[in-house]
Amino acid sequence: MSFSKRRYDKLRRLGIELLPAIVTSPLDDASLRRMPIPSASDLPVRMMPVPGRRCPRCLAKGQTIWVIPGKKCPACGTEVN
-2 MSFSKRRYDK
8 LRRLGIELLP
18 AIVTSPLDDA
28 SLRRMPIPSA
38 SDLPVRMMPV
48 PGRRCPRCLA
58 KGQTIWVIPG
68 KKCPACGTEV
78 N
């Protein structure tokens, strides 16, 4: 964006600070795309498993409803431990 005194005064009255321009480094995204991704095997790795359990009452009805342990099922209200 180009600088203008009028625009600067308006932003200053509103309490908005102007940030410095973003300078790109010589290492752009293209260099990151060329980096190999290390892998130990072909199997997927679960880094952050989601803590959840299936509601037993809904599962008996053929529905799969995931519930956080200690909370109530949103579909039937059964507390899941």
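In the numbering used here, the protein residues as written are -2 to 78.
Glycine included, each C-beta is placed from N, C-alpha and C at the ideal position.
Please read these numbers as outputs of a predicted model, since none were measured by experiment.
Run through DSSP, which three-state label would LYS58 get? Looking up residue 58 in the sequence shown gives position 61. LYS58 falls in the coil class under three-state DSSP.
Identified DSSP bridge partners for VAL77: If you number the sequence shown from 1, residue 77 lands on position 80. Answer by DSSP bridge pairing: none, since VAL77 is not bridged.
Range covered by the alpha helix (DSSP H) that runs through LYS7: Numbered from 1 along the sequence shown, position 10 holds the residue referred to as residue 7. Per DSSP, LYS7 belongs to the alpha helix (DSSP H) from 2 to 11.
Sort GLY59, TRP63, GLY74 by Cα distance to GLY49 and report the nearest one. Locating residue 49 in the sequence shown gives position 52, where the first residue counts as 1. For the residues GLY59, TRP63, GLY74, the minimum Cα distance to GLY49 belongs to TRP63.
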